Every structure is written in structure tokens, then in C-alpha cells.
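Visitor: Structure below; questions to follow.
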Amino acid sequence: MTPVLQVANLRKSFGGITAVDGVSFEVREGEILGIIGPNGSGKSTLFNCVLGQLTPTEGEVRIDGKPTTGLRPCDLNRLGVSRTFQLLQVFPQLSVRDNLILAGQEHQGTMASRLFGAADAGLGEAAAQMIEFFRLSHVAAEPAGSLSYGQQKLLDAAMAFMAGPRLVLLDEPAGGVNLTMLANLRERLQAYHAERKATFVVIEHQMEFVMALCTRVLVLAEGRVIAEGLPQDIRKNPIVIEAYLGH
Amino acid sequence: MSRSGAVALAAAIIVALALPQFLKGYGIYLLSTWAVLTIAALGLNLTLGYAGQVSLAQGAFVGIGAYTAALLMQAGLPYPLAFVASALLCFAIGWGLGYPALRVQHHYLAFVTLAFNTLVFLVLRNEEWLTHGIYGISGIMRPVLLGWSTAKPLAFYYFCFGMLTVIAAALWWLIRSPWGRAFVALRENPIRALSLGLDTRRYTLMAFAIGSSLGGISGALYAPLVQFIEPNSFALALSFNLLLMVIVGGSGYFYGPFVGALIAVLLPEWLRITQGYYLIVYSAMIMLMMAFCPYGLFGMVERAIKALRLRRAPPAPAAVSALQTERPRP
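Read top to bottom, the protein sequences are chains V and F.
In terms of the working numbering, the first sequence opens at residue 1 and continues consecutively.
In terms of the working numbering, the second sequence opens at residue 248 and continues consecutively.
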């Protein structure tokens with residue numbers, strides 16, 4: 001079966017600095033791949049190259065076997081690739097419900113039908129279900145900016161799932177979230193994965209979160225893949241331990 | 248819309264319909280100017296307030312609309328066709344002006360649009376073969392629409408107010424549609440919007456084009472209102488004045504331009520009692536207003552209502568959980 005995501009020999013340089021240096025990996029359908037690595041190892045640059053925010057210097061990205069290198073993020077999203085960002089990226093003045101409708105509306109109809117059709121683009125019910133799934137019902141009508149940080153993280157993740165994507169890339173979903181909310185977020189992601197058989201790629205520093213959520217882990221250091229395997233093997237891998245702790 | 252909002256809107260419409268019956272010519276002219284400039288300010292509010300694209304060129308679009316309507320009417324075209332042509336031409340030029348917005352933002356974009364306004368002014372002043380230069384175009388007739396003459400000030404005011412109502416209703420629909428949500432997303436977080444599948448390029452161009460076409464419609468009404476147009480009317484001062492209307496009323500608030508335009512049109516008239524000092528008083532009042540309510544009058548009212556509700560109601564669940572959840576330091 002063709003992998004959902006294939007990254008082949010990806011390289012990204014900024015002047016004389018090579019942030020990602022010949023990274024190759026694949027993500028199969030239904031997998032949750034964790035990407036870990038010390039600060040500055042090139043995780044976010046890799047994400048941004050895969051998702052069209054940055055143009056790679058070399059290499060190729062394929063989604064479902066089709067080359068997507070250089071496609072704009074909005075075109076990638078329409079191919080079924082969704083993402084969250086390292087820093088919170090909700091629309092603070094829109095309500096929780098409107099944030100979710102916005103996250104799915106461009107997948108409904110045409111520009112003309114979105115202008116003359118229903119105000120909720122036919123997504124009112126889907127948004128209500130997503131709100132319930134992520135346990136945000138009590139704040140559905142509130143502006144997203146008035147929510148707590150943890151609730152905004154949940155909303156951010158919910159928005160990534162709103163259009164029913166094939167592949168979701170989550171950039172540090174646990175960053176800045178307290179332990180209670182973190183368990184809630186992990187449990188919701190696992191539930192979504194079990195229910196929809198979605199494919200995830202997760203960048204995360206929070207090791208417990210990665211080990212509990214991911215089915216496979218890729219380790220980056222200085223822009224290169226230094227290890228790949230099951231979470232329990234990665235935890236004991238001496239190369240990984242050295243990369244994190246230094247010499 | 249809330250019940251109190253609907254009552255306030257109905258009362259405002261009744262006042263706008265009844266008031267001119269009690270006014271003389273100049274008062275009706277001022278009200279007509281308000282209605283015409285509100286349309287241009289609504290357009291700028293869409294571009295700037297909702298979509299977050301800074302434009303200092305709205306006055307130029309009023310000028311393009313006014314000259315297009317006047318020249319086409321002088322060429323023998325009926326007013327409705329000249330009106331539509333003004334809107335379409337400004338839509339097309341606005342779409343073109345949107346391209347720089349794909350590359351530059353904020354004050355850089357402001358300078359691009361400011362340069363465009365100056366360019367339009369120079370064309371209107373220097374291209375005498377087309378625009379009659381500094382002599383302007385006079386004798387612009389007010390239209391007869393389906394047998395109804397709008398030649399008299401009161402009739403023309405009702406025509407302008409009718410147009411304002413139709414445009415405001417259409418804009419209300421637009422803002423509540425998925426397009427409106429996309430415009431707000433463009434203003435608040437274009438990178439996230441792009442990652443959610445929004446073609447931010449197309450929405451940016453649309454925001455400019457629709458906002459500019461409303462400037463053109465405003466111009467097509469302005470020409471028969473004043474019946475004489477000349478380039479100085481559409482210099483940078485008009486763009487700044489329209490920006491003032493949007494900011495004072497409340498940028499990104501639907502009713503902001505209505506109130507902002509009312510203040511910008513009427514305040515200088517009321518301040519005439521101060522004689523030579525009126526511009527000083529006017530400027531000082533605007534500075535004070537901006538210092539103490541930078542979100543405009545509607546922003547101030549919204550904040551006051553929120554503060555009142557918070558004082559009356561127990562803490563909302565969102566506020567409670569905000570206290571319980573740690574927040575990373577900025």
C-alpha cells in the first residue's frame with residue numbers, strides 16, 4: 001500500500017546553515033508517528049517544508065504517492081493534509097463554533113455557493129459534534145480569545161480535524177498545557193484516531209505524551225535522522241540519550 | 248441581532264426617513280453627503296476593518312466612480328448604466344490594487360495605496376483631454392429613475408438613502424456568510440487561514456475589489472449630488488477623512504461607518520459656531536477620542552456592555568477554567 005506521506009532526501013538551508021539535512025521517512029495509513037529531537041534539530045523546519053510554508057532546497061514530498069513539493073498550504077489542505085502550529089493559532093475574535101466552521105468551510109462547495117449559501121456552509125451540525133467531542137460545549141459561543149490556554153489548544157486540535165483530513169501534523173500540541181488538560185488532549189487524540197483511523201505526525205518535547213500516543217518515533221538531531229523505531233526502543237536507545245543529554 | 252439592537256436600528260431608519268422633511272436645502276444636502284460617504288466608508292470598513300488590509304486609496308475610488316459616471320452620462324449613457332460601469336471599473340482597479348497587498352502589509356501597504364491615490368489625483372488634474380483638468384465637470388444632471396425625478400434635494404436624498412440601505416443589507420449578508428468569516432480570518436491570522444485551506448490570495452483581492460467598488464458606487468452618487476466635480480475633491484484629504492470615519496465609528500464594527508460618517512460630516516458644521524477655531528477644536532476632539540477610545544465608538548460601547556455584564560453575572564466557565572489552567576509566559 002502506498003504510504004500516506006513520503007519524504008525523500010529533504011534538505012533545507014538558510015544561507016550557510018542547513019536546518020534539515022537529507023531527511024527521509026514514510027508514514028503509513030493509521031500510524032501515529034512522533035518526531036522528537038533537541039531544540040534546533042530541525043523538526044519545525046521539516047514540518048514547514050512538508051506543509052508548504054517553506055520551499056525545500058532539495059528533496060521531495062509525496063502525499064498518497066503524488067508529488068506535493070512546493071504546493072501552497074491551502075492546496076495541501078484541500079488534498080486532506082491538516083496541521084496545528086507550535087504557537088497557538090486560533091482566531092481570537094471568532095466564537096469557538098465559528099473557528100470550527102471556518103476550519104471546514106473551504107472544503108464545502110464553491111466560492112459562489114459559500115457567498116450565496118447558508119451562513120454556516122452546512123457545517124453547523126459537524127461543528128456541534130466536534131465541539132462535543134472535544135468537550136467544549138460550555139464555551140461554544142464564546143470568542144476563542146476568551147478561552148483558557150488549554151481550551152484553546154483543544155480548539156486548535158479540533159480545527160485541524162474539522163475537514164476530516166487524511167493526514168494531521170501536530171506541532172507541539174502539549175506545549176504549555178497543564179497535566180490535567182494534557183491527559184484530556186491525549187485521550188481525545190487517541191479517541192479520534194481510534195474512531196476515524198486518522199494518520200498523525202506529532203512533533204513533541206513532552207516525552208510521556210509522545211510515548212503514550214505514538215506508534216512509532218523518529219529522532220532528529222542537527223537536521224538528520226539519528227534513530228527510528230518503537231517508542232519503547234527509542235526510550236532506551238543510547239544514541240538518542242546522548243543526543244538529548246550531550247557529551 | 249438582539250432585540251434592543253433591532254429597536255435601535257428601526258428607530259435610526261425612522262429618523263433617517265423623517266428628519267429631512269423638517270430640514271432646509273443645506274441640511275438635506277448634508278444628510279445626502281452622509282449617505283453617500285457612508286457607502287464609501289462601508290467599503291473601506293470591509294477592506295480594512297474586516298479583512299485587515301490597510302488602504303489609503305478609498306478617496307481615489309470615489310473620484311474614479313464620480314468621473315466615470317459623469318463622463319459616461321455626458322456621453323449620453325443613461326445613469327443606471329453609468330452607475331454600474333463606475334462600480335465595475337472600481338472593482339477591476341481595486342482587484343489590481345490588491346496585488347501589492349499580497350507582497351506587503353501594514354504601513355508599507357498604506358504607502359502603496361497612498362501613492363495610488365496621488366497617482367489618480369494627478370491623472371484627474373493633468374489629463375485634461377479626458378477629465379477637463381482643474382476646470383472639472385459641471386452640469387451633472389440628477390437622474391430620472393422609472394419616471395421618478397431625483398432633481399430635487401429631498402428626492403435625491405431618498406434615492407441615496409435607498410442605495411445605502413440596499414448596499415448595507417448586501418454587506419450584512421456578505422459579512423455573515425463564509426466569506427465574511429474568511430475576511431476576519433485574513434485579518435486575524437493569515438498563516439493559519441492558509442493552512443485551513445483558505446485561498447488567502449483570492450480573498451485579499453476580493454476584499455480590495457469589493458471595498459473599492461463601494462467607493463466607486465459612492466462616487467457615482469456623489470457626482471449627481473454635487474453636480475460639479477473637480478480633482479481636489481478626491482485628493483488624499485478625502486481618503487484620510489474616510490479612514491477617520493471608519494476608525495472613529497469602530498473599525499470592524501458593521502455600524503461603525505454609519506456613526507463615523509455622521510460625526511465626520513456633521514461635527515465640522517456644528518463647530519462653525521467657534522468660527523476660525525473650528526478646525527483646531529475638531530482636531531483636538533478627534534485626538535482625544537482616539538486617545539481614550541482607540542477601538543472607536545462601537546468598540547467603546549461594546550467594552551462598556553461587557554464590563555456591565557461581568558459585574559452583574561457570576562464568572563463564566565471559560566473565565567473559571569482560565570484561572571485553573573496554566574498559561575505560558577509571553
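Cβ coordinates follow ideal geometry from the N, Cα and C atoms, glycine included.
Owing to the predicted nature of the structure, the values given are computational and were not obtained by experimental measurement.
With respect to the beta strand (DSSP E) encompassing ASN9 of chain V, which residues constitute its N-terminal and C-terminal limits?
Guide: Taken as a continuous stretch (DSSP letters only), the beta strand (DSSP E) holding ASN9 of chain V covers 5-14.
Visitor: Tell me the rounded alpha-carbon separation between TYR469 of chain F and THR280 of chain F.
Guide: 8 Å
Visitor: Ignore the nearest five residues each way along the sequence and tell me which others in LEU102 of chain V's own chain have a CB closer than 7 Å to its CB.
Guide: The residues PHE91 and LEU94, in chain order, have a CB closer than 7 Å to that of LEU102 of chain V in the same chain once the five nearest residues on each side in sequence are set aside.
Visitor: Tell me whether ARG574 of chain F sits in a helix, a strand or coil according to DSSP, three-state version.
Guide: Reliability fails at ARG574 of chain F, whose pLDDT of 40 lies under 50, so the model's placement of it is uncertain and the value that follows must be treated cautiously. Of the three classes helix, strand and coil, the one that applies to ARG574 of chain F here is coil, per DSSP.
Visitor: What is the DSSP secondary structure of LYS153 of chain V, reduced to helix, strand or coil?
Guide: Correct three-state label for LYS153 of chain V: helix.
Visitor: Relative to the C-alpha of GLY310 of chain F, which candidate in F:VAL367, F:LEU293 and F:GLY546 has its C-alpha closest?
Guide: F:VAL367
Visitor: Should the region 334-346 of chain F be regarded as contacting the region 453-462 of chain F, the criterion being three or more beta carbon pairs within less than 8 Å?
Guide: yes
Visitor: Give a yes or no on whether the minimum CB-CB distance between ASN48 of chain V and chain F is below 8 Å.
Guide: Output row for ASN48 of chain V: interface = no.
Visitor: Flag this pair as yes or no: are the beta carbons of LEU169 of chain V and ILE63 of chain V separated by less than 8 Å?
Guide: no
Visitor: Determine whether the Cβ of PRO173 of chain V lies closer than 8 Å to any Cβ atom of chain F.
Guide: no
Visitor: In three-state terms, what does DSSP make of GLY229 of chain V?
Guide: strand
Visitor: Output needed in chain order: residues of the region 85-100 of chain V with a Cβ under 8 Å from some Cβ in chain F.
Guide: PHE85, GLN89, VAL90, PHE91, PRO92, GLN93, LEU94 and ASP98
Visitor: Just to check my reading of the structure: VAL4 of chain V and VAL27 of chain V have Cβ atoms closer than 8 Å, yes? What is that Cβ distance to the nearest angstrom?
Guide: The pair is a contact, with the Cβ atoms about 5 Å apart (cut-off 8 Å).
Visitor: Taking just the CA atoms, how far does LEU349 of chain F sit from PHE120 of chain V?
Guide: The sequence as given places Asp at residue 120 of chain V; Phe does not occur at that position. For ASP120 of chain V and LEU349 of chain F, the distance between alpha carbons rounds to 27 Å.
Visitor: Residue ranges of each alpha helix (DSSP H) run of no fewer than 4 residues wholly in the region 138-196 of chain V, ordered along the chain?
Guide: 149-161 and 179-196
Visitor: Looking only at its own chain, which residues have a Cβ that is under 7 Å from the Cβ of LEU583 of chain F, when we skip the five neighbours before and after it?
Guide: Limits of chain F in this structure are 248 at one end and 577 at the other, which puts residue 583 of chain F out of reach.
Visitor: Alpha carbon to alpha carbon, how far is VAL567 of chain F from ALA140 of chain V?
Guide: Residue placement at VAL567 of chain F cannot be trusted, given a pLDDT of 45 that sits under 50; the coordinates are not used to answer.
Visitor: Could you run through the region 429-443 of chain F and flag, in chain order, every residue whose CB is less than 9 Å away from some CB of chain V?
Guide: ALA429, VAL431, ALA432, ARG434, GLU435, ASN436, ILE438, ARG439, ALA440, LEU441, SER442 and LEU443
Visitor: Measure the beta-carbon distance from GLY444 of chain F to ALA163 of chain V and round it to whole angstroms, keeping in mind my assumption that it falls under 8 Å.
Guide: 7 Å
Visitor: Against ARG294 of chain V, what residues of chain F qualify as contacts under a CB-to-CB distance less than 7 Å, listed in chain order?
Guide: Residue 294 of chain V is absent from the structure shown; chain V starts at 1 and stops at 247.
Visitor: Terminal residues of the continuous alpha helix (DSSP H) containing SER24 of chain V?
Guide: SER24 of chain V -> not in any alpha helix (DSSP H); beta strand (DSSP E) instead, spanning 17-27.
Visitor: Count the other CB atoms within 10 Å of the CB of LEU10 of chain V; is the residue buried (16 or more) or exposed (fewer)?
Guide: Its Cβ being crowded by 16 or more others within 10 Å, LEU10 of chain V is buried.
Visitor: Checking 8 Å against the spacing of the C-beta atoms, do PHE545 of chain F and TYR502 of chain F come in under that value?
Guide: yes
Visitor: Indicate whether PHE430 of chain F and ALA554 of chain F have their beta-carbon atoms separated by less than 8 Å.
Guide: no
Visitor: If ILE36 of chain V sits next to PHE200 of chain V, beta carbons under 8 Å apart, how far is it from one beta carbon to the other, in whole angstroms?
Guide: No, ILE36 of chain V and PHE200 of chain V are not in contact; Cβ-Cβ is about 14 Å, not under 8 Å.
Visitor: Using the Cα positions of LEU335 of chain F and GLY462 of chain F, report the straight-line distance between them to the nearest angstrom.
Guide: 11 Å
Visitor: How should THR360 of chain F be labelled, buried or exposed, when 16 other C-beta atoms within 10 angstroms of its C-beta is the threshold for buried?
Guide: Buried, since its Cβ has 16 or more Cβ neighbours within 10 Å.
Visitor: Our contact map puts ALA288 of chain F next to LEU489 of chain F with C-beta atoms below 8 Å; I'd like the distance itself, whole angstroms only.
Guide: 5 Å
Visitor: If you follow the beta strand (DSSP E) that GLU60 of chain V is part of, which residue opens it and which one closes it?
Guide: That run of the beta strand (DSSP E) goes 58-63.
Visitor: Applying a beta-carbon distance threshold of less than 8 Å, which residues of chain F neighbour MET130 of chain V?
Guide: Against chain F, the beta carbon of MET130 of chain V has no neighbour under 8 Å; the closest one sits roughly 14 Å away.
Visitor: Hey, how far is the Cα of SER498 of chain F from the Cα of ARG224 of chain V?
Guide: 48 Å
Visitor: Counting only beta-carbon atoms, is CYS249 of chain V nearer than 8 Å to chain F?
Guide: Residue numbering for chain V in the displayed model covers 1 to 247; residue 249 of chain V lies beyond these limits and cannot be assessed.
Visitor: CB-CB under 6 Å to PRO504 of chain F, same chain, minus the five flanking residues each way: which ones, in chain order?
Guide: These residues qualify, in order along the chain: THR285, ALA288, LEU289, ASN292, MET492, VAL493 and GLY496.
Visitor: Please classify ASP98 of chain V: is it buried, with 16 or more other beta-carbons within 10 angstroms of its beta-carbon, or exposed?
Guide: buried
Visitor: Determine which residues share a DSSP beta bridge with SER95 of chain V and list them.
Guide: V:PRO143
Visitor: Distance check for LEU46 of chain V and GLY52 of chain V, CA to CA, integer angstroms please.
Guide: For GLY52 of chain V and LEU46 of chain V, the gap between their C-alpha atoms comes out near 10 Å.
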